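One rule links them: number in our numbering = place in the sequence shown (from 1) + 12.
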Amino acid sequence: MRATDVLSHIDEGELIALTRDLVRIPSVIRPGQPGATEAGVAAHVAQWMRKERFEVEVHEVAPGRPNVLGILGERESGGLTLLLEGHTDVVTEGDAGLWTRAPFGGDLVEGRIYGRGSADMKSGLAAAMVAAAAIKRSGVDLGGRLVVGALVDEEGDMLGAKHLCTTPLGHELSAAIICEPEQNELCLEQRGVVWARVTARGRMAHGAMPEAGVNPITALAALLSEVPALERRLRKLCQRSPHLRPPTVTPTIVQAPVQGVAQPNVIPSMAQVTLDVRLTPGPDGDAIGKEIDAVCERAMAAVPGVEVTWQAVNGFRLATQVDKDEALVRAMVKGVRQATGRAPKFGGVPGSTDGTILRMTLGIPIVTCGPGHRLIPHQVDEYVEVAELVEAARIYVASALNFLNG
Ligand SMILES: [Zn+2]
13 MRATDVLSHI DEGELIALTR DLVRIPSVIR PGQPGATEAG VAAHVAQWMR KERFEVEVHE
73 VAPGRPNVLG ILGERESGGL TLLLEGHTDV VTEGDAGLWT RAPFGGDLVE GRIYGRGSAD
133 MKSGLAAAMV AAAAIKRSGV DLGGRLVVGA LVDEEGDMLG AKHLCTTPLG HELSAAIICE
193 PEQNELCLEQ RGVVWARVTA RGRMAHGAMP EAGVNPITAL AALLSEVPAL ERRLRKLCQR
253 SPHLRPPTVT PTIVQAPVQG VAQPNVIPSM AQVTLDVRLT PGPDGDAIGK EIDAVCERAM
313 AAVPGVEVTW QAVNGFRLAT QVDKDEALVR AMVKGVRQAT GRAPKFGGVP GSTDGTILRM
373 TLGIPIVTCG PGHRLIPHQV DEYVEVAELV EAARIYVASA LNFLNG
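1. Measure the beta-carbon distance from Val289 to Val205 and round it to whole angstroms, keeping in mind my assumption that it falls under 8 Å.
2. Is Pro263 close to ligand 1? I mean its beta-carbon at under 7 Å from any heavy atom of the ligand.
3. Give the DSSP bridge partners of Tyr408, in chain order.
4. Can you list the alpha helix (DSSP H) stretches of 4 or more residues lying completely in the region 307-352, in chain order?
5. In the structure shown, what three-state DSSP assignment does Asp393 receive?
6. Alpha helix (DSSP H) containing Leu246: first to last residue?
7. At a threshold of 7 Å, does Asp132 count as lining ligand 1 (C-beta to nearest heavy atom)?
8. Does Ile376 come out as helix, strand or coil in the three-state DSSP assignment?
9. Under three-state DSSP, which class holds Val270?
10. Given that a residue counts as buried once 16 or more other Cβ atoms are within 10 Å of its Cβ, and exposed if not, what is Ile265?
11. With a threshold of 7 Å, establish whether the CB of His385 neighbours any heavy atom of ligand 1.
12. When you compare only the Cα positions, how much space is there between Glu192 and Arg42?
13. In or out: Ser130 buried (at least 16 other Cβ within 10 Å) or exposed?
14. Which term fits Gln195, buried or exposed, when burial requires 16 or more other beta carbons within 10 angstroms of its beta carbon?
15. With burial defined as no fewer than 16 other Cβ atoms inside 10 Å of the residue's Cβ, what is the status of Ala410: buried or exposed?
16. Taking the alpha carbon of Pro356 as the point to measure from, which residue in Val345, Asp366 and Ser364 has its own alpha carbon closest?
17. Is the beta carbon of Thr100 less than 8 Å from the beta carbon of Ala146?
18. Given a threshold of 16 other Cβ atoms within 10 Å of its Cβ, counted over all protein chains shown, does Ala5 qualify as buried or as exposed?
19. Excluding the 5 residues preceding and the 5 following Thr16 in the sequence, name in chain order all residues of the same chain whose CB lies nearer than 6 Å to its CB.
20. Note down the Cα distance separating Val239 from Ala339, rounded to an integer number of angstroms.
21. Using a Cβ-Cβ cut-off of 6 Å (strictly less than) and excluding sequence neighbours within five positions of Ile229, which residues of its own chain qualify?
22. Taking 7 Å as the line, does the beta carbon of Glu166 fall inside it for any heavy atom of ligand 1?
23. Considering only DSSP beta bridges, list what Arg157 is partnered with.
24. Is it the case that the Cβ atoms of Gln333 and Glu201 are separated by a distance below 8 Å?
25. So which of Ile300, Ala405, Ile28 and Val285 has the shortest CA-CA distance to Glu457?
26. Could you say which of Arg149, Gly91 and Leu171 lies nearest to Asn326 if we only look at CA atoms?
27. Just to confirm before moving on: does the CB-CB distance between Lys9 and Val35 stay below 8 Å?
28. Would you kindly report the start and end of the unbroken alpha helix (DSSP H) that includes Trp60?
29. What residues are listed by DSSP as bridge partners for Asn79?
30. Please classify Gly98 as buried or exposed, where buried requires at least 16 neighbouring CB atoms within 10 angstroms.
31. On the CB-based measure, 16 or more other CB atoms within 10 Å of its CB, does Arg371 come out buried or exposed?
32. Out of curiosity, what's the CA-to-CA distance linking Val320 and Asp305?
33. Ala188 and Gly367: beta carbons closer than 8 Å?
34. Going by C-alpha distance, which of Asn417, Ile279 and Gly44 is nearest His218?
35. Looking only at C-alpha atoms, which of Ala144, Pro75 and Leu110 sits nearest to Glu64?
36. Please tell me whether Leu95 and Val18 are closer than 8 Å, where the distance is taken between their beta carbons.
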């Protein structure tokens, strides 16, 4: 059976309905509200997969926060295992009054499905589920295993992806398609991120007698003045990419005092700034770390007596890059042609995804490709085009068969 024959088993009405159903189950993580997790969506996904007779594994990552994995095909020695990856959490709807559609309504209007998560990324997840169901229903023999993963916490600490990397199923993976909203472009590169939390420690004193203390805020001012130079150095260190914006260093949080009450006449003992450092492929974590060390040392030199240290909140998520010669990429290039009749467009992911964790931890090739405009995630009136949604499911079917059945 050819890939193109299997495409006819995609049920568009079912795909649209499933996407709307997933959007209607809110999965914003609201700390302190026990029910506000991915549990509802995860249960719906698991039930749907069981109905389709997928083999289903549920991995409890944290209380009420399960990864759901649906598996097709037999585990054979030498066979490949491909993951179609999505996440079940969504970001906050923010001020619902700013939306013209109900944030969790799943409205279908003029070829678009609206709602928080419609693009990022319940549509991509639904497309992966329906693609796998089409393969199952077609009866085509799989030369390996196809896994649909609905993971938790992508918008947070990526606990779901980190957990998957510790499981037997994670270790079995040969490659992954990350179904994030990228306008169905084939993204072989993703920018990396390091959140560098810089802490300056001085000595507390009266504001009227600064000579009696050591002001950590002054050291952070020196550090912030070095940010443009740090950005320039990182741009030299990292590769240029036609699909990714160059590295950036952006201060996002400034805090002083860190503990106690803020008072105008008190020099605090500690001050902190967080730098959001975005990277393109090239340097390793050590090389990036050395550049950040250097600006900390210059800030210390600028204000004698202040100690300046930093740590990476959430670790290093380096930029990822996959070669065009990889079997997965070749399978997808062919898959896009079979699914759409067009040559693929290549692109790049502006931020990091669960794929970053899979690539860094397991070393497997990843390609990010899914329905939804790249800039729409996290905005009000988020939507996905139904045409792109259907196209994504077709791309997943053809690519999976090309990859697993060679
Ligand atoms: Zn996402």
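Cβ coordinates follow ideal geometry from the N, Cα and C atoms, glycine included.
None of the values given here were measured: they were computed from a predicted structure.
This is what the structure gives:
1. The count along the sequence shown starts at 1 and reaches residue 289 at position 277. The count along the sequence shown starts at 1 and reaches residue 205 at position 193. That belief holds up - the Cβ atoms of Val289 and Val205 are roughly 7 Å apart, short of 8 Å.
2. Numbered from 1 along the sequence shown, position 251 holds the residue referred to as residue 263. Pro263 Cβ: outside cutoff for every heavy atom of ligand 1.
3. Taking the first residue of the sequence shown as 1, we reach residue 408 at position 396. DSSP output for Tyr408 lists no bridge partner at all.
4. 339-352
5. As a first step, residue 393 is located in the sequence shown; it is residue number 381 there, counting from the start. Three-state DSSP puts Asp393 in coil, outside helix and strand.
6. Your numbering for residue 246 matches position 234 in the sequence shown. Run containing Leu246: Val239 to Leu249, per the alpha helix (DSSP H) assignment.
7. In the sequence shown, residue 132 corresponds to position 120, counting from 1. For ligand 1, at least one heavy atom lies less than 7 Å from the Cβ of Asp132.
8. For the purposes of this step, residue 376 is identified with residue 364 of the sequence shown, where counting begins at 1. DSSP places Ile376 in coil when its eight states are reduced to three.
9. As a first step, residue 270 must be located in the sequence shown, where it is residue number 258. Reduced to three states, the DSSP call for Val270 is coil.
10. Here residue 265 corresponds to residue number 253 of the sequence shown, with the count starting at 1. The residue is exposed, with fewer than 16 neighbouring Cβ atoms inside 10 Å.
11. Position 373 of the sequence shown, counted from the start, is the residue given in the question as residue 385. Not under cutoff, so the answer is no.
12. Position 180 of the sequence shown, counted from the first residue, corresponds to residue 192. Position 30 of the sequence shown, counted from the first residue, corresponds to residue 42. The straight-line gap from Cα to Cα measures roughly 22 Å.
13. To locate residue 130, count along the sequence shown from 1; it is residue 118. That one is buried.
14. Locating residue 195 in the sequence shown gives position 183, counting from the first residue. When all chains shown are included, Gln195 counts as buried.
15. Residue 410 sits at position 398 when you count from the first residue of the sequence shown. Counting Cβ neighbours within 10 Å, Ala410 comes out buried, since at least 16 surround it.
16. As a working note, residue 356 is residue 344 in the sequence shown. Pro356 has its Cα closest to that of Val345, out of Val345, Asp366 and Ser364.
17. On the sequence shown, residue 100 is found 88 positions in, with the first residue counted as 1. On the sequence shown, residue 146 is found 134 positions in, with the first residue counted as 1. Cβ atoms of Thr100 and Ala146: not closer than 8 Å.
18. Because the chain in this structure spans residues 13 to 418, residue 5 falls outside the shown range and cannot be described.
19. One-based indexing of the sequence shown puts residue 16 at position 4. Taken in chain order, the residues that qualify are Gln350.
20. Indexing the sequence shown from 1 puts residue 239 at position 227. Indexing the sequence shown from 1 puts residue 339 at position 327. Straight-line Cα distance between these residues: approximately 40 Å.
21. Translated into the one-based positions of the sequence shown, residue 229 becomes position 217. So the qualifying residues of the chain are Ala268 and Ala283.
22. Along the sequence shown, read from residue 1 onward, the residue named residue 166 stands at position 154. Indeed, a heavy atom of ligand 1 lies less than 7 Å from the Cβ.
23. For this step, residue 157 is matched to residue 145 along the sequence shown. Answer is Thr93.
24. Here the question's residue 333 lines up with position 321 in the sequence shown. Here the question's residue 201 lines up with position 189 in the sequence shown. For Gln333 and Glu201, yes; Cβs fall inside 8 Å.
25. This structure leaves residue 457 out entirely; the chain is present only between 13 and 418.
26. Counted from its first residue, the sequence shown places residue 326 at position 314. Out of Arg149, Gly91 and Leu171, Leu171 has the C-alpha closest to the C-alpha of Asn326.
27. No answer is possible for residue 9: it lies beyond the span of the chain, which begins at 13 and ends at 418.
28. Taking the first residue of the sequence shown as 1, we reach residue 60 at position 48. Ala51 to Lys63 is the extent of the alpha helix (DSSP H) around Trp60.
29. On the sequence shown, position 67 is the one that residue 79 refers to. Answer is His71.
30. On the sequence shown, position 86 is the one that residue 98 refers to. The residue is buried, with at least 16 neighbouring Cβ atoms inside 10 Å.
31. The count along the sequence shown starts at 1 and reaches residue 371 at position 359. By the neighbour-count rule (16 or more Cβ atoms within 10 Å), Arg371 is buried.
32. For the purposes of this step, residue 320 is taken as residue 308 along the sequence shown, with counting starting at 1. For the purposes of this step, residue 305 is taken as residue 293 along the sequence shown, with counting starting at 1. For Val320 and Asp305, the distance between alpha carbons rounds to 9 Å.
33. Position 176 of the sequence shown, counted from the start, is the residue given in the question as residue 188. Position 355 of the sequence shown, counted from the start, is the residue given in the question as residue 367. Yes. Within cutoff.
34. Here residue 218 corresponds to residue number 206 of the sequence shown, with the count starting at 1. Among Asn417, Ile279 and Gly44, the Cα nearest to that of His218 belongs to Ile279.
35. Residue 64 sits at position 52 when you count from the first residue of the sequence shown. Answer by Cα proximity: Ala144.
36. For the purposes of this step, residue 95 is taken as residue 83 along the sequence shown, with counting starting at 1. For the purposes of this step, residue 18 is taken as residue 6 along the sequence shown, with counting starting at 1. Cβ distance not < 8 Å, so Leu95 and Val18 don't count as in contact.
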